[in-house]
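Residue numbers (my numbering), protein chains in the order written: chain B, 1412 to 1792; chain X, 285 to 531.
Here's the structure, in structure tokens; my notes come after.
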Amino acid sequence: MKSLSDKLLGGKQGAVGLALLALLLFVVFPLWLDLFRLGLLGKYVTYAFVAVSLVLLWGNGGILSLGQGMFFGLGGYCMAMFLKLEASDPVSTKIQTTPGIPDFMDWNQLTEIPWFWVPFKSLPLTLLLVLIVPTLLAFIIGYAMFKRRVGGVYFAIITQAIALILSILIVGQQGYTGGVNGITDLKTMMGWDIRTDSAKYILYFANAGLLIGCMLLSRYILTSKFGMLLLAMRDKEERVRFSGYDVSNFKIFIFCVAAMISAIGGAMFTLQIGFMSPSFVGIVPSIEMVIFAAVGGRMSLIGAVYGTLLVNFGKTVFSETFPELWLFLMGGLFIAVVMFFPDGLAGIYEKYAKKFDVAGLVSKYASKISKKASKMIGEII
Amino acid sequence: MSNTDFVLAIEDLTVSFDGFKAVDALTMYIDKNELRVVIGPNGAGKTTVLDLICGKTKSTSGTIKFKNKELTKLSEHEIVRAGVGRKFQTPSIYENLTVYQNLEVSYPVGRTVWGSLTFKRTAALQEQVYKIAAEVLLTGHLQMEAALLSHGQKQWLEIGMLLMQDPELLMLDEPVAGMSAKERDQTAELLNRICKNRSVLVIEHDMEFVKKIAHKVTVLHQGKILAEGSMEKVQADEKVIEVYLGH
């Protein structure tokens, strides 16, 4: 019988791991990195949402989605639509044929805001839609696939195809979506300028906080009976079905949760980077994010976050010096991980670092200190 | 068909795969607390009958009534929830989970998405896991990863997983395949114990084992019933000797 805190933190080792990650994200990186580098890190942290969602879906559920980019992108687009409408007030767009609408709509001879843009005038509604739109799409895809028992490679290919279709749709409908350029020139949120240094810090911390929140939610799911069923389904789907469970419902649910977590990352991306474009929706980003999760360890929530950060730092460093070699290196990295470290960084940690029992040391040390402290307090009293 | 006292009433059940009738107008009744064994040569349709009952295969025509409830229109998980449990021919367990977790997953509480998220590990569950583990001789292995069990133990674990659901009809497909002589005897005792409060339908090839457990034997041949009755009666049947037992 586990307590709620145990379920959220995943026991002593999980709690120490999370605390270390939080320490890095909230204290070490902000103190160590300059604002430019911290901004880059913030961008990587938004990708980590997708990696975390893939740990739930792929690592534990055995459902490989090669289309998580579309949920990330949709979350980002929802946020961008709100910001774009706010940036397109009649004063700053007075040189347009129709002032008061986003610039790309004006270029495409639109004279009023399309109906599906209207809800994005409201921030509360936008925040809701950031969560609802990707989740609804996931529900529709999940319902159509899992109820028909489509799975494995077929599911992966179909999600990839849908991601491609969505990115093509966005590029093609320039007047409604900003086309291949995406939605750019985002300035303020409810009058608050998101481009200032202070805003960048605030958004960075909000982003890191949301990531930790999503990890706690994921951990709760994984430590519940649901999490055990996910592993069971990955292993022997038939047996789960013939134990009285409607397997498809469980798959639909976890696919929706994964979509929602990815979408939060997307929305935070838009806020921090200041634009959203179809290049985050299609096949390439979707597969890249699978690589992040694989490198970090597809079974480990914390591992997936480190994997994302490391691969992206590597990408930044290498693409600054050898831009043309990066893709080959990334491909090689993926092959190496799959061949030699199927459980990624987290697997390497389990194998080698556990011998030194880092978590055990930290908690031992902590309990020693607390014992000493209570002794001292006792003596004083 | 009118209502009956039988736990399971199969009438005129037929399934054809591209014109080939794997099960052909089969009619069979199973009583409460009965242990029935189905035997027959390879390809007789034994496993297909189990597939039809548990919903894995859809019938072409005929009815399957479980406690007077029609099963042919239900989906697999609904049939399980109605009280039918099925063990597969090759042990079908969750290799990456521990024996304890294997049994816990099979506990019939928290079967919906929401139910599984809010599921609490109660004392009643723990008690049930220990009770079933003792029943299937796995008490000493509860914390072991299921993949590490011997073949015979995996078979028992799967039987245990079904017992966790406390089904009224338990169907076992070759439960002693690959077991040692000693394990076979233990399994026979186990089956004789667990059929006290439920009906059990077993498919088996091992005639020695069948003798030890069967209340009644049904011989299938080419999708049809060749003979039915006590073990002695079936063994003396000339048709049965010719197609199955004779060689």
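Yeah, the Cβ is synthetic: ideal placement off N, Cα and C, and Gly gets one too.
This one's a predicted model, so the numbers in the text were calculated from it and none came from an experiment.
Same chain, Cβ closer than 8 angstroms to L1548 (chain B), neighbours up to 5 away in sequence not counted: Here residue 1548 (chain B) is taken as the residue at index 137 of the first sequence, counted from 1. Excluding residues within five positions, the ones whose Cβ falls inside 8 angstroms are M1481, F1482, L1485 and A1670.
Residues of its chain near M1412 (chain B), where Cβ-Cβ distance is below 8 angstroms and the 5 sequence neighbours each way are ignored: Reading the first sequence from its first residue, position 1 is the one you call residue 1412 (chain B). With a pLDDT of only 41 at M1412 (chain B), under 50, the local geometry of the prediction cannot be trusted, and the value read off the model is given with reservation. Here the set comprises nothing.
For Y391 (chain X) and Y384 (chain X), the rounded distance between their alpha carbons: For the purposes of this step, residue 384 (chain X) is identified with residue 100 of the second sequence, where counting begins at 1. For the purposes of this step, residue 391 (chain X) is identified with residue 107 of the second sequence, where counting begins at 1. Rounded to whole angstroms, Y384 (chain X) to Y391 (chain X) spans 11 angstroms at the Cα level.
Beta carbon of F1745 (chain B) nearer than 9 angstroms to that of L1736 (chain B): By one-based count along the first sequence, residue 1745 (chain B) stands at place 334. By one-based count along the first sequence, residue 1736 (chain B) stands at place 325. Contact flag unset, no.
Close beta carbons around S455 (chain X), own chain, < 6 angstroms, minus the five adjacent residues each side: Within the second sequence, numbered from 1, the residue matching residue 455 (chain X) stands at position 171. Looking at the sequence shown, residue 455 (chain X) is not Ser but Met. Answer for M455 (chain X): L334, R370 and L485, listed in chain order.
Same chain, Cβ closer than 8 angstroms to K517 (chain X), five either side skipped, listed in chain order: Indexing the second sequence from 1 puts residue 517 (chain X) at position 233. Result list for K517 (chain X): A511, in chain order.
The region 1701 to 1720 of chain B touching the region 1464 to 1478 of chain B, judged by at least three CB pairs closer than 8 angstroms: yes
Exposed unless 16 or more other CB atoms sit within 10 angstroms - verdict on K1782 (chain B): As a working note, residue 1782 (chain B) is residue 371 in the first sequence. Exposed, because fewer than 16 other Cβ atoms sit within 10 Å of the Cβ of K1782 (chain B).
Environment of I1677 (chain B) [buried if 16+ CB atoms lie within 10 Å]: As a working mapping, residue 1677 (chain B) is identified with position 266 in the first sequence. In the sequence as presented, Ile is not what sits at residue 1677 (chain B); that position holds Gly. With 16 or more Cβ atoms within 10 Å of its Cβ, G1677 (chain B) is classed as buried.
Helix, strand or coil at H505 (chain X) [DSSP, three-state]: As a position in the second sequence, residue 505 (chain X) is number 221, starting the count at 1. Residue state, collapsed to three classes: strand.
CB contact check: V389 (chain X) to chain B, cutoff 9 angstroms: One-based indexing of the second sequence puts residue 389 (chain X) at position 105. Yes, its Cβ sits closer than 9 angstroms to a Cβ of chain B.
C-beta atoms of T1457 (chain B) and F1680 (chain B) nearer than 9 angstroms: Taking the first sequence and counting its residues from 1, the one referred to as residue 1457 (chain B) is at position 46. Taking the first sequence and counting its residues from 1, the one referred to as residue 1680 (chain B) is at position 269. Yes, Cβ-Cβ distance for T1457 (chain B) and F1680 (chain B) is below 9 angstroms.
Cβ pair count under 8 angstroms reaching 3, the region 1570 to 1577 of chain B against the region 1497 to 1512 of chain B: no
Test: D1657 (chain B) CB closer than 9 angstroms to a CB of chain X: In the first sequence, residue 1657 (chain B) corresponds to position 246, counting from 1. With 9 angstroms as the cut-off, D1657 (chain B) counts as an interface residue toward chain X.
Burial state of G1755 (chain B), where buried means 16 or more other Cβ atoms lie within 10 Å: Residue 1755 (chain B) sits at position 344 when you count from the first residue of the first sequence. Its Cβ being crowded by 16 or more others within 10 Å, G1755 (chain B) is buried.
At least 3 beta-carbon pairs within less than 8 angstroms: the region 415 to 433 of chain X vs the region 299 to 307 of chain X: no
DSSP three-state assignment for V322 (chain X), whether helix, strand or coil: Counting from one through the second sequence, the residue named residue 322 (chain X) turns up at place 38. Strand, per DSSP.
Best match in X:E318, X:K349 and X:V524 for proximity to R477 (chain X) [C-alpha to C-alpha]: Within the second sequence, the letter at position 193 stands for residue 477 (chain X). The candidate whose alpha carbon is nearest that of R477 (chain X) is X:E318.
Where Y1656 (chain B) sits in the DSSP three-state scheme: The count along the first sequence starts at 1 and reaches residue 1656 (chain B) at position 245. Y1656 (chain B) falls in the coil class under three-state DSSP.
Three-way DSSP call (helix, strand, coil) for M1412 (chain B) in this model: Stepping through the first sequence from its first residue, residue 1412 (chain B) is reached at position 1. With a pLDDT of only 41 at M1412 (chain B), under the threshold of 50, the placement of this residue in the model should not be trusted, and no figure is reported.
Three-pair Cβ contact test at 8 angstroms for the region 455 to 474 of chain X versus the region 391 to 411 of chain X: no
Members of the region 1641 to 1657 of chain B that neighbour chain X once the beta carbon cut-off is set at 7 angstroms: L1642, A1643, D1646, K1647, E1649, R1650, R1652, F1653, S1654, G1655, Y1656 and D1657
Interface positions of the region 1696 to 1725 of chain B facing chain X (Cβ-Cβ less than 8 angstroms), listed along the chain: none
Alpha-carbon to alpha-carbon, K1598 (chain B) and M1490 (chain B): Taking the first residue of the first sequence as position 1, residue 1490 (chain B) is located at position 79. Taking the first residue of the first sequence as position 1, residue 1598 (chain B) is located at position 187. Cα to Cα, M1490 (chain B) sits roughly 12 angstroms from K1598 (chain B).
9 angstroms Cβ cutoff, M1412 (chain B) in contact with chain X: Mapped onto the first sequence, residue 1412 (chain B) falls at position 1. Confidence is the limiting factor: at M1412 (chain B) the pLDDT is only 41, short of 50, which leaves the residue's position unreliable and the question unanswerable from this model.
Inter-stretch contact at 8 angstroms, needing at least 3 Cβ pairs: the region 408 to 416 of chain X / the region 480 to 500 of chain X: no
Where G369 (chain X) sits in the DSSP three-state scheme: As a working note, residue 369 (chain X) is residue 85 in the second sequence. Three-state result, G369 (chain X): strand.
Any non-hydrogen atom of the ligand MN within 8 angstroms of F1637 (chain B) CB: Among the components modelled here there is no ligand, and therefore nothing to report on the ligand MN.
Limits of the unbroken beta strand (DSSP E) element including I487 (chain X): On the second sequence, residue 487 (chain X) is found 203 positions in, with the first residue counted as 1. Residues S483 to I487.
Outcome for K357 (chain X) when other beta-carbon atoms lying within 10 angstroms are tallied against a minimum of 16: Within the second sequence, the letter at position 73 stands for residue 357 (chain X). Under this definition K357 (chain X) is an exposed residue.
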